[in-house]
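A.B. asks: One structure coming up, written as structure tokens, with questions to follow.
There are 2 protein chains.
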Amino acid sequence: MNGAESLVKTLVAGGVDTCFANPGTSEMHFVAALDKVPGVRCVLCLFEGVATGAADGYARMADKPAATLLHLGPGLGNGLANLHNARRAHTPIVNIVGDHATYHLQYDSPLTSDVEGIARPMSAWVRTSRDARSVGADAAEAITVANSPKGQIATLILPANTAWSNGGVVSKVAPADAPKPVPEEVVREVAQALASGSAMLLLGNRALRSKPMALAAAIGAKTGCLVRVISRNPRIQRGAGRVALERIANPIEKSAELFRSVQTMILVDEDEPVAFFAHPGKVGKLTAPDSNILTLAMRGDDVVAALESLADLVGARVDEVPLEQFARPDIPTGELTLEKIGQALGALLPEHAIVCDESITSGRTFFPSTRGAPQHDWLQLTGGSIGIGMPMATGAAVACPDRKVINLQADGSGMYTLQALWTQAREQLNVLTVIWANRSYKILHNEFANVGAGKPGERASSMLDLDNPSIDWVSLAKGMGVEGRRVETMEQFAAAMKAGLAVKGPFLIEVTL
Amino acid sequence: MNGAESLVKTLVAGGVDTCFANPGTSEMHFVAALDKVPGVRCVLCLFEGVATGAADGYARMADKPAATLLHLGPGLGNGLANLHNARRAHTPIVNIVGDHATYHLQYDSPLTSDVEGIARPMSAWVRTSRDARSVGADAAEAITVANSPKGQIATLILPANTAWSNGGVVSKVAPADAPKPVPEEVVREVAQALASGSAMLLLGNRALRSKPMALAAAIGAKTGCLVRVISRNPRIQRGAGRVALERIANPIEKSAELFRSVQTMILVDEDEPVAFFAHPGKVGKLTAPDSNILTLAMRGDDVVAALESLADLVGARVDEVPLEQFARPDIPTGELTLEKIGQALGALLPEHAIVCDESITSGRTFFPSTRGAPQHDWLQLTGGSIGIGMPMATGAAVACPDRKVINLQADGSGMYTLQALWTQAREQLNVLTVIWANRSYKILHNEFANVGAGKPGERASSMLDLDNPSIDWVSLAKGMGVEGRRVETMEQFAAAMKAGLAVKGPFLIEVTL
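As they're listed, the protein sequences go chains A and B. Using this note's numbering, the first residue of the first sequence is number 44, and each one after it goes up by one. Using this note's numbering, the first residue of the second sequence is number 44, and each one after it goes up by one.
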């Protein structure tokens, strides 16, 4: 058995059965092993940022890592931006990055680069396998690292000769650590703080599933503390029959007054609220300087148990929390506006939909208007590196073939990783992409003023606008085998949404704003 | 004057008057400075790999660096693959990468990452400006580093507050070092080696302009040594009226016998010939183990002076070297074949064309059939990281607005950075893109066998083929504002070429293979 086969078998043994791949020469033995070893679905992506973003979307929904297959340093480089987002989403990923044969590196042939150096900024764990015999054990360790309750990115670099040489050993994958119990005294301290004045529970990451959100809501109802989530979370479970929490809208800086009004900020698998960017003359830390910041649960802690203990201590009862009522807005007609589109989304969102939201400025009305829709998951851009939406939708659709994925997509961001549409067509993935064609980096128009740069002149404006030429998304989709439709009225939007939802496979709607 | 303005003024003072930009919030003050300070043409790219590849193409033709403007670590990450190619082309580039305000980094807000760590693998020089006062001097140093005769990538990281704070100082840009003279004893040693038996002059990089190639050809004619170039060079000047050198075709390993037959290998701004990838059981170093490897000129050396000295020593006379005669093949008709397409290219290549060749497997016949065409430059993929062609063509067209750029483009490679077409449309760049639609990673089909992985099975094949769905490049081009045409016969190809050559602006031809 060669190293590549031991790798594929170890992946299968470790429950990693999906690989988003953009292979090259140095990965050919891994590709060959896919034929010999059953159990891994390999999804071809035409750009590495699609592969890494899809692995992120997959793991957010499957709650287990996918592998990526990338080609040396430059291939990994192309994947870094969405690995950055995955790192900020605490998503488990196992990157397999091919490299030259160990004995070939001395020649510094054209594709040689510092693969480990490129991997490190976005990886919690990086290893280059020494020989075929080590590959299985290295892969097993990578899987265990990724599966940590912290959700980590592990990058295994596979020199070509470690893949093709014999001597591969399939390795048993050690179970990841269990989530860490939160010490009782921490829970007690939080309970006391809740009793003593104005407080906020700020939930993130693993705390945004139904059960912990219900617990937090119960604690809020009992103690009078605020309960909030921030608008850059990997996955929120919501919809009718679930507990709805209020979301701090983007830009977060607009909620600075709310944060400053809180005496005790209690973090539940979330970081302290800070400004996304520094702006001249504005503070970065959004809480009051004298506020009390407590951490109930950190990344990797047992969030549910901590909230249960806290609920017990304060006497909060989950079964008394009101659940979101089923309520759909009417579908508005006439001219397209973002507010009306939000209502139409609330009216049409199918049960168990997975919303992959990279709407940036356009999407700020969509979250409130869908709260009473049937149960669904809402996935967002976590790390601020645009170009996640289409890949994330691709990965989510691979993870959940029976659910409809709706990718709410800003046009400027969409252009970074549009190659994802081809993979959606190839795999006939159930993704409905809705592009907000505002034909500008709208957020930069806002930020230009926010950072005190004044009003953009002609040359500056030309760096912020995408209207010359206008991007024709229906043609781009067609070019990659995805059916699309452009809409200019609410009636057309609603009709296109219904058509797209009815299709089993990818569909794209370009909304002219 | 704020730091951003001092930066733009320093760029202008240093002759860096073109910037390929994909800006974000942290770069807004630089964008604002563009309006206040005249002298920099800023070209918007919708993906950072387009910006870095365009900067590479620009500098190859302009013989001076462009700047890029990139957004924090992930933006730089997206640009790494083409920076890798630029590094291998010894292209001067000044990257300007925005970062958070220095005092904001402590908050680890979502877009925070290790920008320096991401920059280092592809940069000869990396610096983060400390304050507004330092920005001008840092930029000046970056320009000097880039302008080194070695051709280097300098990455200047610009924290937002160093851009927006006052106190900027425009800095004088020190001239770069002159190319280093090659010591006389080195030239004498090479001359002696040439006299003593079978030898090859292997030319690369700066040795591939008209004058050094003519000198090398004269030395070859006089001494009987072979003179060769390798098929991954940044820029070769060729065509009727110039000296033509024989090119070692890809894959280089096929020429191993030739290399091994040479007793003395003389490197002229080129590296020792090595296998691109290791293959099981094959050697990496292509010269014979007992061959004598001499370096006449290293990167940054005065190549022309060294060749002149050598020519003098051996008594070679440039004016006796036969020049390539003007000769165009006839345009073939009927079924499309790569050989016939090569002839048509030879028949139609306009004077002063810039050929940006990322044909990969499809293009192996094109170089010989164009040798008698009017004078032109031929630019290639240097670092093996695919996705350079369209960006490189974009940058070359910005550098040389009066010349026709012809991008010979493999389809699989083209998909990595297709966003370049939008910039071509926006700037109305004179680029004719010819896509070889073989609908596969053809080179991987070859490499699968070469690395000893046997014959690909069904699942492996699906990782190498791009035919499901077929990519429709005419629609992709239309989506980005570029007119296109699909051709299926030689007659259609010739007609489309003539149409594309007549257009002043971008045009795309999809050649169905």
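Beta carbons: idealized from backbone N, C-alpha and C, even for Gly.
Helix or strand or just coil, what does DSSP make of V441 of chain A?
C.D. replies: Taking the first sequence and counting its residues from 1, the one referred to as residue 441 of chain A is at position 398. It is helical.
A.B. asks: At what residues does the alpha helix (DSSP H) containing Q235 of chain B begin and finish?
C.D. replies: Position 192 of the second sequence, counting from 1, holds the residue named residue 235 of chain B. Looking at the DSSP string, the run of the alpha helix (DSSP H) that includes Q235 of chain B is 227-238.
A.B. asks: Just the chain B side, please: which residues come within less than 7 angstroms of D515 of chain A by C-beta, in chain order?
C.D. replies: Reading the first sequence from its first residue, position 472 is the one you call residue 515 of chain A. Here the neighbours are K521, G522.
A.B. asks: Under 8 angstroms between the Cβ atoms of P108 of chain B and P135 of chain B?
C.D. replies: Taking the second sequence and counting its residues from 1, the one referred to as residue 108 of chain B is at position 65. Taking the second sequence and counting its residues from 1, the one referred to as residue 135 of chain B is at position 92. Contact flag set, yes.
A.B. asks: Find out if the Cβ-Cβ distance for the pair E315 of chain B, I336 of chain B is shorter than 8 angstroms.
C.D. replies: Your numbering for residue 315 of chain B matches position 272 in the second sequence. Your numbering for residue 336 of chain B matches position 293 in the second sequence. Yes; because the gap between Cβ atoms is below 8 angstroms, this pair is in contact.
A.B. asks: Which partner residues of H419 of chain B appear in the DSSP bridge assignment?
C.D. replies: Counting from one through the second sequence, the residue named residue 419 of chain B turns up at place 376. H419 of chain B is bridged to B:R281, B:A396.
A.B. asks: Could you tell me which residues DSSP puts in a beta bridge with R502 of chain B?
C.D. replies: As a position in the second sequence, residue 502 of chain B is number 459, starting the count at 1. According to DSSP, R502 of chain B bridges with nothing at all.
A.B. asks: Reducing DSSP to helix, strand and coil, say where F320 of chain B ends up.
C.D. replies: For the purposes of this step, residue 320 of chain B is taken as residue 277 along the second sequence, with counting starting at 1. In the structure shown, F320 of chain B sits in coil (DSSP, three-state: anything other than H, G, I, E or B).
A.B. asks: Alpha carbon to alpha carbon, how far is M341 of chain A from D312 of chain A?
C.D. replies: Against the first sequence, residue 341 of chain A aligns to sequence position 298. Against the first sequence, residue 312 of chain A aligns to sequence position 269. About 5 angstroms.
A.B. asks: List the residues of chain A that C85 of chain B touches, going by C-beta distances under 7 angstroms, in chain order.
C.D. replies: Numbered from its first residue, the second sequence carries residue 85 of chain B at position 42. Correct list: R502, M506.
A.B. asks: Rank B:S208, B:Y484, B:V229 by C-alpha distance to the C-alpha of A349 of chain B and give the top, closest one.
C.D. replies: Along the second sequence, one-based indexing puts residue 349 of chain B at 306. Considering only alpha carbons, the answer is B:V229.
A.B. asks: Mind checking if G240 of chain A is an interface residue toward chain B, Cβ cutoff 8 angstroms exclusive?
C.D. replies: For the purposes of this step, residue 240 of chain A is taken as the residue at position 197 of the first sequence. So, not an interface residue.
A.B. asks: Checking the sheet assignment: what are the DSSP bridge partners for D508 of chain B?
C.D. replies: To locate residue 508 of chain B, count along the second sequence from 1; it is residue 465. According to DSSP, which records beta bridges pairwise, D508 of chain B is partnered with B:S483.
A.B. asks: Compute the beta-carbon to beta-carbon distance between V158 of chain A and L119 of chain A, rounded to the nearest angstrom, for a pair I have assumed lies under 8 angstroms.
C.D. replies: Sequence index remark: in the first sequence, residue 158 of chain A carries index 115 (1-based). Sequence index remark: in the first sequence, residue 119 of chain A carries index 76 (1-based). With 8 angstroms as the limit, V158 of chain A and L119 of chain A qualify as a contact, their Cβ atoms being about 6 angstroms apart.
A.B. asks: With a 10 Å radius around its C-beta and 16 neighbouring C-beta atoms as the bar for buried, classify S49 of chain B as buried or exposed.
C.D. replies: Sequence index remark: in the second sequence, residue 49 of chain B carries index 6 (1-based). So S49 of chain B ends up on the buried side.
A.B. asks: For E553 of chain B, name the three-state secondary structure that DSSP assigns.
C.D. replies: For the purposes of this step, residue 553 of chain B is identified with residue 510 of the second sequence, where counting begins at 1. Correct three-state label for E553 of chain B: strand.
A.B. asks: Span of the beta strand (DSSP E) holding E289 of chain A?
C.D. replies: Taking the first residue of the first sequence as position 1, residue 289 of chain A is located at position 246. From DSSP, the beta strand (DSSP E) with E289 of chain A extends over 289-291.
A.B. asks: Can you tell which of A:D355, A:A287, A:A299 has its C-alpha closest to the C-alpha of R414 of chain A?
C.D. replies: Looking up residue 414 of chain A in the first sequence gives position 371. Nearest option by C-alpha distance: A:A287.
A.B. asks: DSSP on A129 of chain B, reduced to helix/strand/coil?
C.D. replies: Looking up residue 129 of chain B in the second sequence gives position 86. DSSP places A129 of chain B in helix when its eight states are reduced to three.
A.B. asks: Between A261 of chain A and R360 of chain A, how many whole angstroms is the CB-CB distance? I'm expecting something under 8 angstroms.
C.D. replies: Position 218 of the first sequence, counted from the start, is the residue given in the question as residue 261 of chain A. Position 317 of the first sequence, counted from the start, is the residue given in the question as residue 360 of chain A. That belief holds up - the Cβ atoms of A261 of chain A and R360 of chain A are roughly 6 angstroms apart, short of 8 angstroms.
A.B. asks: By the 8 angstroms beta-carbon criterion, what residues does the stretch 270-297 of chain A contribute toward chain B?
C.D. replies: Answer in chain order: R275.
A.B. asks: Could you give the DSSP three-state label for T476 of chain A: helix, strand or coil?
C.D. replies: Against the first sequence, residue 476 of chain A aligns to sequence position 433. Of the three classes helix, strand and coil, the one that applies to T476 of chain A here is strand, per DSSP.
A.B. asks: Is the separation between the beta-carbon of H147 of chain B and that of A496 of chain A shorter than 8 angstroms?
C.D. replies: To locate residue 147 of chain B, count along the second sequence from 1; it is residue 104. To locate residue 496 of chain A, count along the first sequence from 1; it is residue 453. Cβ distance not < 8 angstroms, so H147 of chain B and A496 of chain A don't count as in contact.
A.B. asks: Note down, in chain order, all residues in the stretch 119-132 of chain A with a beta-carbon under 7 angstroms from any beta-carbon belonging to chain B.
C.D. replies: Of all residues in the stretch 119-132 of chain A, G120, N121, L123, A124, H127, R131 have a Cβ within less than 7 angstroms of some Cβ in chain B.
A.B. asks: So K328 of chain A contacts chain B; which residues on that side make the cut at Cβ distance below 7 angstroms?
C.D. replies: Counting from one through the first sequence, the residue named residue 328 of chain A turns up at place 285. Per Cβ cutoff of 7 angstroms: Y150.
A.B. asks: Residues in its own chain within less than 7 angstroms of T155 of chain A by CB, not counting five upstream and five downstream?
C.D. replies: On the first sequence, position 112 is the one that residue 155 of chain A refers to. If we look at T155 of chain A and ignore the five residues flanking it on each side, its Cβ neighbours are H143, L148.
A.B. asks: For the pair the stretch 403-414 of chain A and the stretch 479-492 of chain A, tell me if three or more CB-CB distances fall below 8 angstroms.
C.D. replies: The stretch 403-414 of chain A vs the stretch 479-492 of chain A: in contact.
A.B. asks: Any Cβ of chain B within less than 8 angstroms of the Cβ of V311 of chain A?
C.D. replies: In the first sequence, counting from the first residue as 1, residue 311 of chain A sits at position 268. So no, V311 of chain A is outside the interface.
A.B. asks: For the alpha helix (DSSP H) containing H72 of chain B, name the first residue and the last one.
C.D. replies: Along the second sequence, one-based indexing puts residue 72 of chain B at 29. 71-79 is the extent of the alpha helix (DSSP H) around H72 of chain B.
A.B. asks: In this structure, does DSSP put E378 of chain A in helix, strand or coil?
C.D. replies: On the first sequence, residue 378 of chain A is found 335 positions in, with the first residue counted as 1. Strand, per DSSP.
A.B. asks: If the criterion is Cβ atoms closer than 8 angstroms, does the pair V43 of chain B and M458 of chain A meet it?
C.D. replies: Any question about residue 43 of chain B goes unanswered here, given that chain B covers just 44 to 556.
A.B. asks: Looking only at its chain, what residues have a beta carbon closer than 7 angstroms to the beta carbon of Q195 of chain B, apart from the 5 residues adjacent to it on each side?
C.D. replies: As a first step, residue 195 of chain B must be located in the second sequence, where it is residue number 152. For Q195 of chain B, where only same-chain residues beyond five positions count, the Cβ hits under 7 angstroms are P135, A167, W168, V188, A189.
A.B. asks: Mind checking if Y101 of chain B is an interface residue toward chain A, Cβ cutoff 8 angstroms exclusive?
C.D. replies: Counted from its first residue, the second sequence places residue 101 of chain B at position 58. It does not; no Cβ of chain A falls within 8 angstroms.
A.B. asks: Would you verify that the beta carbon of T61 of chain B is, or is not, closer than 8 angstroms to some beta carbon of chain A?
C.D. replies: Taking the second sequence and counting its residues from 1, one reaches residue 61 of chain B at position 18. No, no contact with chain A.
A.B. asks: Is T95 of chain B close to chain A? Criterion is C-beta to C-beta, closer than 8 angstroms.
C.D. replies: Working through the second sequence from its first residue, we reach residue 95 of chain B at position 52. For T95 of chain B, the answer is no, since every Cβ of chain A falls outside 8 angstroms of its Cβ.
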